[in-house]
Structure formats: C-alpha cells, structure tokens
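Taken in order, the sequence shown gives residues 216 to 632; the numbers are from my numbering. We treat Cβ as the ideally placed atom computed from N, Cα and C, and that holds for glycine. Structure record follows, encoded as structure tokens.
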Amino acid sequence: MNKPVTLEALERAMRNDELVLFYQPKVCLLSGDVIGAEALVRWAHGDASVLSPDEFLPMVESNGLLHDLTLQLLDQLVEAIVGLRNCTVVKHEAPIDTLPPVSFNSYPNLSLSINVAPNDLASRSISNHIAALLQAGTIQAAELQIEITESAVMSNVDLVYDDLVRIKDMGVKILMDDFGTGYSSLDRLSQLPFDALKLDQGMVKRMGTSLQNLDVVRSAISMARELGMTSVAEGIESESVYNFLIAHGCEEGQGYFLGRPMSLADFKGFVGSEHDFEGSQIGRVHQACLNLLRFRKTLVDAAFCSRVGAGVALQSVADPGLQAEVARTRLGLWYFGIGQRLASHAVFHDIEIPLRQVHASGLKFLEQLERHQSVAVLDQQLAEIDQQIDRLISLLHSLERSILACKPNGQPINGRL
C-alpha cells in the first residue's frame with residue numbers, strides 16, 4: 216500500500232523530474248497502423264513504484280502546481296517527439312484493404328497528445344510556448360495534439376475559446392476528451408474549434424450492456440462525422456468492441472486491448488514492432504452511402520426553403536461542404552483521402568467519375584434555384600441526380616462486398632457472399 220502523498224514529497228518529485236509521461240498507443244481503425252499516443256502523467260518513485268494520477272493530481276491542483284507541471288510535461292513531450300522521429304514505424308504492407316505500395320498516407324508522422332487545463336489556455340502560456348516551439352522549428356504542428364476535457368471546456372468556454380482558436384490556427388489539432396459525459400450543447404459544440412471527439416471510455420465500455428448504449432456510441436460517431444471531426448474511442452478492452460467500432464466507421468482508438476500506458480523506451484519498441492491490429496474501412500464505406508442521402512436531403516431542403524420564402528438564403532440551408540472542389544467536401548473527403556488505401560479493389564476506381572458527377576450536379580441544382588428556374592427544370596435536374604446517386608450507392612455496395620470477400624490479411628476468401 217502506497218504511503219500518503221505529502222506536499223513536500225510532491226514538490227521534491229517535480230524538482231527531481233520524477234513526474235514523467237507514459238504513452239498509451241493510438242491506432243488508426245481504418246488501417247490498423249499505430250499513429251501516435253496520448254501522454255499520461257505518472258509518478259515514478261525511487262523505490263520503483265509508480266503512482267497513478269488519481270493519487271497525486273488532486274494535491275497538484277489544490278496547491279496551485281498544475282500550471283508549472285503542465286509546462287514541465289510539455290517539455291518532456293517535445294523531447295519525446297524529437298526522439299521518436301528516428302523510430303521506424305511499422306505500417307501494414309498492402310493487403311487489399313490497406314495501403315498499396317505507392318499511395319496516399321494520412322499519417323506521415325506520429326502524433327503525441329497532452330491534456331491541458333482551462334487556466335493554462337486562459338493565460339496563453341501554453342499557446343505561447345507552442346508558438347515558440349513551432350517558430351524555432353523544434354517540432355512540427357502535425358506532431359503535437361492538445362486535449363481538453365468536455366467538462367473543462369463547457370464550464371469555461373469564454374476563458375478558453377480564443378486560445379483554442381489560436382492553437383488551431385497554428386495547425387495543431389485539438390481533441391475534446393471524455394466526450395459523452397453530458398456537458399455539451401450541440402449548438403455550442405458546433406461552434407468550437409475541435410478536430411476530434413474522444414468518446415468517453417465509460418461510454419465505450421458500456422456498449423456491451425444494452426442496445427441503448429450501443430446506439431449512444433453509434434450516434435457519437437455519426438455526430439463527429441456530421442461536424443467534420445475525427446471520432447476517437449477510448450477504453451477499447453476487447454476484440455469485439457474493436458470490431459464494432461470498425462464496423463461503424465470510428466476512425467481511431469486506444470485502450471488496453473491495443474496497448475497500456477508505457478514508458479517512452481517501451482513505446483519506441485512498440486511502434487517498431489509488428490502488430491496484428493485489423494484495419495478496415497467497411498464502416499466508412501457505409502458512411503459514404505449515408506453521406507449521399509444527406510447530400511440529396513440538403514438539395515431538397517434548399518428547394519423547399521426557396522419555394523416557401525423568397526427571403527430565405529440558400530446558403531443557410533445548403534451544406535457548407537458543397538464547395539467547388541469535390542475532394543474538400545463531405546462527399547469526397549473520404550474517397551480522395553484515406554479511402555485511397557482501397558485502390559487495389561477494382562470497383563474503387565469506378566467510383567470517382569460518378570462521385571464527381573453527383574457533386575457537380577448538386578452545385579448546378581443550387582445555381583438553378585438561385586436563378587429561379589421553373590419547377591419542371593428543377594424536377595428534371597433532381598431526377599438526374601437521383602439516377603447518379605443510385606448508381607454511386609450501387610458501386611459503394613459493391614465495394615463493401617469486395618472488402619467483405621477478403622480476409623484481414625488481404626487474401627480473397629473462396630466463393631462469393
């Protein structure tokens with residue numbers, strides 16, 4: 216049993232660098248690759264015992280030491296980032312449902328994330344420190360991620376908002392930690408500059424207890440997608456949970472099933488070792504089908520609003536993802552990004568032209584609305600879009616079947632589905 220923590224011992228531990236970062240691996244569920252880690256503080260005693268944060272962080276916070284500790288740990292994290300650059304990260308080598316020999320790579324670097332407190336953001340100390348590191352070229356923006364809990368954000372929005380925006384403008388990704396603990400207003404969430412939602416580990420662990428809890432996780436993944444954010448699941452402790460998250464399009468995950476928090480030396484060995492984490496985009500292909508239906512609904516909503524009130528601005532209804540370049544839209548982001556890992560499926564290449572056609576037809580439809588074209592013209596254009604969407608959904612279903620016809624190692628399964 217550990218001795219009670221005293222303030223004197225805690226301050227001595229900070230001076231002696233006994234408060235150290237452990238690294239819990241993060242895995243891309245679309246590819247099965249290790250893509251980084253979350254840095255978690257531990258107290259490494261001289262007697263070889265290791266204390267968890269619950270045993271000393273309350274005293275850190277109550278004695279006003281959190282700010283100094285955060286800056287100290289951020290410097291540790293930077294050293295880890297630099298040290299990891301020379302590590303060979305083992306990637307999956309081209310089974311059918313993963314990376315072809317020459318293709319798109321979404322994760323050129325390992326990214327390490329660290330938690331920060333509202334006061335650190337309000338004082339701008341963290342963002343100033345990060346800005347100096349980036350300007351000096353010590354780290355690259357893609358190598359660092361900032362996490363802040365949902366409760367901390369929602370209780371201190373006015374304090375942290377400006378600094379969150381500043382950090383995001385630097386190119387550093389910001390993750391909302393412990394999402395699903397019940398604090399977020401959807402309206403407020405949509406206005407905050409987050410790149411990812413980390414599904415609370417309690418929510419993930421409860422999936423096996425009821426259908427309702429499964430639906431909560433599905434909804435959280437869908438919400439992240441609708442907001443243009445990455446979904447990250449914490450608390451993955453079994454293969455069944457891992458597979459469920461893959462099937463529903465969750466993009467990243469961490470948990471004991473993938474790897475426990477470990478020292479930097481052990482993490483370096485971890486990323487340099489081969490792992491058999493399955494990666495599949497089956498859930499993302501299904502989401503692409505749902506995106507098409509949402510795309511059509513956007514057009515119909517715009518047409519309805521245009522008809523019932525001339526003063527209704529189409530831009531307030533039309534999907535903000537309807538940009539001129541299809542690769543930047545919700546429709547195309549997956550296909551022209553991580554989806555390129557599916558390039559060895561023959562049907563994958565048949566999707567690009569119909570995808571571009573649907574996008575172009577949607578833009579044309581909105582232009583016709585703005586020009587107040589007749590109902591007959593609009594009806595004809597919508598009918599053409601319906602045909603294009605039907606064709607594209609059929610191709611996506613074929614891609615799903617092609618993925619299902621392969622084993623995790625990429626080898627075809629005998630017979631057909």
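Grouping DSSP H, G and I as helix and E and B as strand, with all else coil, what is residue i?
i, result
"Leu638", "There is no way to answer for residue 638, as the model of the chain reaches only from 216 to 632."
"Glu467", "strand"
"Leu570", "helix"
"Leu548", "helix"
"Ser453", "coil"
"Ser478", "coil"
"Pro268", "helix"
"Thr445", "strand"
"Val256", "strand"
"Gly251", "strand"
"Met274", "helix"
"Val242", "strand"
"Leu508", "helix"
"Phe237", "strand"
"Gln360", "strand"
"Leu412", "strand"
"Leu473", "coil"
"Ala503", "helix"
"His490", "coil"
"Val541", "helix"
"Val432", "helix"
Any idea if residue i is buried or exposed, counting beta-carbon neighbours within 10 angstroms, 16 or more meaning buried?
i, result
"Arg499", "buried"
"Ser264", "exposed"
"Arg543", "exposed"
"Phe519", "exposed"
"Ala228", "buried"
"Ser370", "exposed"
"Lys579", "exposed"
"Val242", "buried"
"Ala347", "exposed"
"Val368", "buried"
"Asn330", "buried"
"Leu619", "exposed"
"Thr353", "exposed"
"Gly577", "buried"
"Leu284", "buried"
Where does the unbroken alpha helix (DSSP H) through residue i begin, and where does it stop?
i, result
"Gly298", "Leu281 to Leu299"
"Ser370", "Glu365 to Ser370"
"Gln596", "Val590 to Leu619"
"Gln416", "Gln416 to Lys420"
"Gln633", "Residue 633 falls outside the range modelled here, since the chain spans only 216 to 632, and no answer is possible."
"Met229", "Leu222 to Arg230"
Output needed for residue i: all residues of its chain with C-beta closer than 6 Å, excluding positions within five of it in sequence on either side, in chain order.
i, result
"Ala439", "Leu412 and Ser446"
"Ser613", "Val562"
In its own chain, which residues sit with a C-beta less than 7 Å from the C-beta of residue i, not counting the 5 before and 5 after it?
i, result
"Arg300", "none"
"Cys504", "Ile608 and Leu611"
"Ala252", "Tyr238, Gln239, Pro240, Lys241, Leu327 and Phe482"
"Arg381", "Ser342"
With respect to the beta strand (DSSP E) encompassing residue i, which residues constitute its N-terminal and C-terminal limits?
i, result
"Leu557", "Taken as a continuous stretch (DSSP letters only), Leu557 belongs to no beta strand (DSSP E), as it is neither H nor E."
"Leu390", "Lys388 to Phe394"
Which same chain residues, not among the five before or five after residue i, have their C-beta less than 8 Å away from its C-beta?
i, result
"Leu429", "Met422 and Phe459"
"Leu222", "Met274 and Asn278"
"Pro323", "Residue confidence for Pro323 is low, a pLDDT of 49 falling below 50, so the modelled location carries little weight and cannot support an answer."
"Leu593", "Ala518, Phe580, Gln583 and Leu584"
"Glu567", "Tyr550"
"His344", "Leu286 and Leu289"
The ligand ZN and residue i: does any heavy atom of the ligand fall closer than 6 Å to the residue's C-beta?
i, result
"Gln603", "The ligand ZN is absent from the structure shown, which contains no ligands of any kind."
For this session: Mind listing, in chain order, the continuous alpha helix (DSSP H) runs of no fewer than 4 residues lying wholly within the segment 324-356?
Result: DSSP runs (the alpha helix (DSSP H)) wholly in the segment 324-356: 333-337 and 340-351.
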